[in-house]
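Residue numbers (this note's numbering), protein chains in the order written: chain A, 6 to 342; chain B, 11 to 319; chain C, -12 to 323. Ideal Cβ placement from N, Cα and C applies to all residues, glycine included. Read through the structure below, which is laid out as structure tokens, and then see the notes.
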Amino acid sequence: MSNPSIQRGWKAALLRHETLLLLVVAVEWLYFNSVGPRFGSVDNSFDIIRHSVEIGLLAVVMTPIILTGGIDLSAGSLLGLCAILFGKLWRDAGLSPVMAGVCTLGIGAVAGGLNAVLITGLRLPPLIVTLGTYSLFRGLGEAITRGVDTFTNFPASFLFLGQERWLGVPAQVPLFLLVAGAVWVLVHRMTFGRTFRAVGFAPEGARYAGIPVERRIALAYVLAGTVAALAAIIYTARLGQAKADAGTGYELFAITAVVLGGTSIFGGIGSVHGTLLGVAAIAVLNNGLVHARQPREVAGMLTGLLLVLALSTSALPKLLALLRSHRQTVNPEPIKS
Amino acid sequence: MKRYFRELSVAGALLILLLVLALFAPAFFQPQPLRSLLTREAPTLVVACGMAFVIIIRQIDISVGSQFAVCSVCAGLLAALKWPLVLVLPASVALGALMGAFNGMLVAGLRLPSIVVTLATMVTWREALRWQRQGQFVNLPDNLQWFGLSQSGGQWTLIGAALVVLTLLAWATRHLAAGRFIYAIGSDAEAARLAGLRPQSTTFAVFVFMGALVGLAAMMNVVQSPQVDPKSGSGLELKVIAAAVVGGVAVSGGRGRLWGVFAGLLLLACISPALTHFHVEAYWEKAIQGAIILLAVVADGVRSRKQIR
Amino acid sequence: MKKPSPLLLLLAVLALATACNKAPEASSGPAGSARKLSIALMPKSKGNAYFISCKAGADKAAKELGADLIFDGPTDPDPAKQNEIVENWIALGVDVMAVACENKEGISTALRKAQSKGIKVVTYDADALPDSRSFFVNQATPEGIGYMLMDEAARLCGGSGEFAIITASLTAANMIEWQKHIEARRAASFPNMKMVALRPCDDLKDKAQSESTALLSANPGLKLIMAICSPAVPGAAEAVKQAGKVGRVKVIGLGLPSENRRYIKEGVTDSVILWKTEDLGYLAVQAAAGLAKGTLKTGDKSFASGSLGQFEIQGDNILLGKPFVFNKDNIDQFNF
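So, in structure tokens, the structure goes:
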């Protein structure tokens, strides 16, 4: 398997997944701009960003998890649980929104920690553990509110975070950029964070290289839990209400964005900026189709199609290389599947 | 004994649940409701068997719920066009196999990760169906329900059919070369290839087979009522994956038995009615289901850690 | 690792695209040639037969008015997605929108924003907060629906006995509202009726059938199943039929005649409550258009709605009229 970081030169850069995806986003943008006269307006651009912040946050922190070869199906359910716990802390425990927010972040970290303990402590497959917590978190949310309780009438100072503009941009955008930037630096610019990819590429090799594999994996899940809580707070501020059904299905959107962004689902390969482009490609498509007056179902179908196409184009060269090496050598590199 | 620990522990859990039900809610065992419950789960069992194969060969298919809905609606529409049952059934199976082949082509042919491929096809089929049908039920002709048999006859036929599928497949995994190939490839695809097996063709075949089973299961569901809900099958993928995993199929491939899947499915299928019989409020149901899945895997994890030491 | 940052490139392309866009934006806009009134209609979710039936009426109204109708909504009932679509429509620049709200508070933020941009808002089917819309096209109040269901249940059970409710999901806002009024009516007028269980069916007919089967065997004294989401009514009826308890356990609920005709004729389902969904869609679009054109104003006491004639207005509620009870005797009069 070729390591993308070895490929250099402008040709390689042009063929890189991220560049192709950028092209997709640009083509989408230009097309929708030509069919929908108001698509390119500043207001609409900000709407696209505001609507994708929560899924963007989940996708950004899903990236390190998938880089380590794991997955987190509980992200959407945890968002729902955190949203109602935030509401509960604010309304019933009488905390200020800031204090309630801090506590919620803590709860998110603990919930992420539960995933982490089960996955690293007992060496259980992440798919199954988070499938369990997917039901558990959503179920707890429903049990606590009995499905009925809706938290609303938040103070305007809190709603500012989700609905107003700050320094000319939607207030949640700086927060999102901060988190995305921090995760990007962690994954791409720190030796510490680069180990995520090492772990995903070859867990045993990483262990022999002296990397504390379990602790790194655990960190990725705790980070994901904390940021899911942040996403829950932003979601609550944007809608002005919190209910147990918040974030249903968001995990699939986040995973789709990560994978569309070129991160290998088997771990080891991928980037945070790729994920951001993946989020952008889906968000622009969803918004643009409204301006192109297409029904919403088409957005879902096109997302699926885009995913298959994006994967196929990046898989084809690899497949050809693999077939060639099969013909030439008796003992090629193992197929990772 | 030790080889079957995982399957036996699931069967044990199921027995305990049934025992508790027998003691505190004997009404659970009235023949008619119990037969209805088993009939409702018969299609799920067929899909779960296919899913077990897919997981054993170290892939996954999360598009089964959408395939199920597409097959159900198409079968319903064909039946409404007065196609006879002998043609509708193969059509549904063929349609399922076709959708399975599409997954298989991308997974085995282009070597794309199955979880992503089937995520894409899941969304695509579901949204396409919603776009076309807009949620409208398909009304079926009168003679289709229970294959035109009496209700109990139809129910026994369906339960029987599901058990026949289970038994045949369980036998095949032990005694047919093709069945053993799946385990070999799931354990180590490269070793299997060097031993002369063809991992990619086999993977393709497993996906096609999965689709065909979904087509069959969809038909088994369609004949249970006089209408087809185009949303039928939503959440089916999670249900069967959970059943397979609770029943001892390893997601890392190469391990698992269909009898375990059967026990796992029955266990999960009994939880919801059991809670109704114990008069537990519905608010707790999802949390309890999640806790049970976690308990099953934790128990397995603790045990295998002990073995390592 | 890489030379040109893809993010920078993205920003550059976006800037370029926005710049290119400036020119056409000035020329098009509200004063384009052959300007049609554009009306946006949102269901709670797409792929729901109830709202498709509303849309049939809405299409008719739009045709009569010569207006441009946009019909879009989330694929699953999701307040966050509804909120986004409203904001998309604001950006799209529709003249007026008619919205069926999944959740009061969640959607009201977006609707207020629409009003502040000069877009008129009416709600139909389920209301938002009163300050976020001009009128609510009211097909039946939650109170009216709840009371009607409970009264019908008590009538069929002879005023006493056990009943169970099947709902779409534990979090569906309008059903929670109905349950509240069902319970209030029960406590006030029928203390001998007892609700033994509330089960969600995820808006799936198959799951409603499984849940009903379990309910029937777990509660031998059950006299009635009340299915308050439309796929649950045929699901519950099929379960009662398969359990051989037709007549002993009654089925009532809210649903479409087309999905229940078979069971009502067979005598499994006793009565289904609904309003004329096509008229609801028609009236919603007519009211939206009237509001945009100025023929409907706050304080009006009645509204002339195209081919359907006059409708009464109470406060800011346009009343569709009383819900119907479909049963064996009148089911054949309704073909939707």
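Rounded C-alpha distance that separates residue i from residue j
| i | j | result |
| --- | --- | --- |
| A:Asp97 | A:Asp250 | 19 Å |
| C:Ile215 | C:Arg173 | 16 Å |
| C:Ile300 | C:Ile106 | 21 Å |
| B:Ala107 | B:Gly114 | 10 Å |
| B:Ser46 | B:Gln165 | 7 Å |
| C:Asn317 | C:Ala141 | 21 Å |
| C:Glu12 | A:Pro42 | No answer about C:Glu12 holds up, because its pLDDT of 39 lies below 50 and its placement is not dependable. |
| B:Phe157 | B:Leu99 | 11 Å |
| A:Val295 | B:Ile125 | 29 Å |
| C:Asp189 | B:Leu97 | 32 Å |
| A:Gly252 | C:Val312 | 37 Å |
| B:Leu24 | B:Leu31 | 11 Å |
| A:Ala315 | C:Met182 | 53 Å |
| A:Ala64 | A:His193 | 16 Å |
| A:Gly118 | A:Gly126 | 11 Å |
| B:Leu105 | B:Ala222 | 8 Å |
| A:Ser319 | A:Gln177 | 33 Å |
| B:Ala284 | B:Ala301 | 16 Å |
| C:Ala10 | A:Val40 | Any reading at C:Ala10 needs caution, since the residue's pLDDT is 39, under 50, leaving its predicted position unreliable; the model's value is listed next. Whole-angstrom Cα-Cα distance: 14 Å. |
| C:Gln166 | C:Gly148 | 18 Å |
| C:Thr158 | A:Glu219 | 38 Å |
DSSP bridge partner residues for residue i (one or two, in chain order)
| i | result |
| --- | --- |
| C:Asn125 | C:Leu306 |
| C:Glu246 | Its beta-bridge partners do not exist; DSSP assigns none. |
| A:Ala247 | A:Phe156 |
| C:Arg186 | C:Ile153 |
Distance CB(residue i)-CB(residue j) smaller than 9 Å
| i | j | result |
| --- | --- | --- |
| C:Ala224 | B:Thr286 | no |
| B:Ile195 | B:Thr213 | yes |
| C:Ala275 | C:Leu28 | yes |
| B:Ile298 | A:Gly99 | no |
| C:Leu241 | C:Val272 | no |
| A:Thr231 | A:Gly113 | yes |
| A:Val66 | A:Ala223 | no |
| C:Ile305 | C:Asn125 | yes |
| C:Pro178 | C:Ala195 | no |
| B:Ser282 | C:Glu198 | yes |
| C:Ser25 | C:Ala54 | yes |
| B:Ile303 | A:Ser269 | no |
| B:Glu17 | B:Ala180 | no |
| C:Val238 | C:Asp257 | yes |
| B:Gly264 | B:Asp198 | yes |
| A:Leu72 | A:Gly205 | yes |
Within chain C, partners of residue i - CB distance below 8 Å
| i | result |
| --- | --- |
| A:Glu147 | Leu157, Thr158 |
| A:Thr318 | Simply none; closest approach about 16 Å. |
Contact list for residue i against chain B, beta-carbon separation under 8 Å
| i | result |
| --- | --- |
| A:Met306 | Val133, Thr134, Glu137, Ala138, Trp141 |
| A:Glu302 | Glu137, Ala138, Arg140, Trp141 |
Residue i at chain E interface by Cβ criterion, 9 Å
| i | result |
| --- | --- |
| B:Ala35 | In summary, chain E is missing from the structure at hand, where the protein chains are A, B and C. |
Beta-carbon neighbours of residue i, restricted to chain C and to distances below 9 Å
| i | result |
| --- | --- |
| B:Gly106 | The premise fails here: B:Gly106 is roughly 18 Å from chain C at the closest Cβ pair, so nothing lies under 9 Å. |
Where residue i meets chain A, residues with beta-carbon distance less than 9 Å
| i | result |
| --- | --- |
| C:Lys33 | Pro300, Arg301, Glu302 |
| C:Gly80 | Pro42, Arg43 |
Chain-ordered chain A contacts of residue i [CB-CB under 7 Å]
| i | result |
| --- | --- |
| B:Ala301 | Leu141 |
| B:Tyr293 | Glu147, Ala148, Arg151, Gly152 |
Per-residue contacts from residue i into chain B (C-beta, under 9 Å)
| i | result |
| --- | --- |
| A:Thr261 | Val126, Leu129, Ala130, Val133 |
| C:Lys192 | Phe147, Ser235, Gln237, Val238, Asp239, Lys241, Ser242 |
| C:Glu265 | Per Cβ cutoff of 9 Å: no residues; C:Glu265 is ~15 Å from chain B at best. |
Contact list for residue i against chain A, beta-carbon separation under 8 Å
| i | result |
| --- | --- |
| B:Ile298 | Gly144 |
| B:Ile251 | Leu136 |
Under 7 Å from the C-beta of residue i: neighbouring residues of chain B
| i | result |
| --- | --- |
| C:Pro187 | Ala292 |
Inter-stretch contact (C-beta, 8 Å, three-pair minimum) for the segment 224 to 238 of chain B and the segment 129 to 144 of chain B: no
The segment 212 to 232 of chain C / the segment 73 to 84 of chain B touching (three or more Cβ pairs under 8 Å): A contact is defined here as three or more CB-CB pairs under 8 Å, and the segment 212 to 232 of chain C fails this definition with respect to the segment 73 to 84 of chain B.
Touch test, the segment 232 to 249 of chain A against the segment 158 to 167 of chain A, Cβ-Cβ under 8 Å, three pairs minimum: yes
Cβ contact check for the segment 288 to 298 of chain C and the segment 56 to 76 of chain C: 3 or more pairs under 8 Å: no
At least 3 beta-carbon pairs within less than 8 Å: the segment 28 to 47 of chain A vs the segment 102 to 111 of chain A: The segment 28 to 47 of chain A is not in contact with the segment 102 to 111 of chain A.
Contact between the segment 251 to 258 of chain B and the segment 57 to 74 of chain B (3+ Cβ pairs under 8 Å): yes
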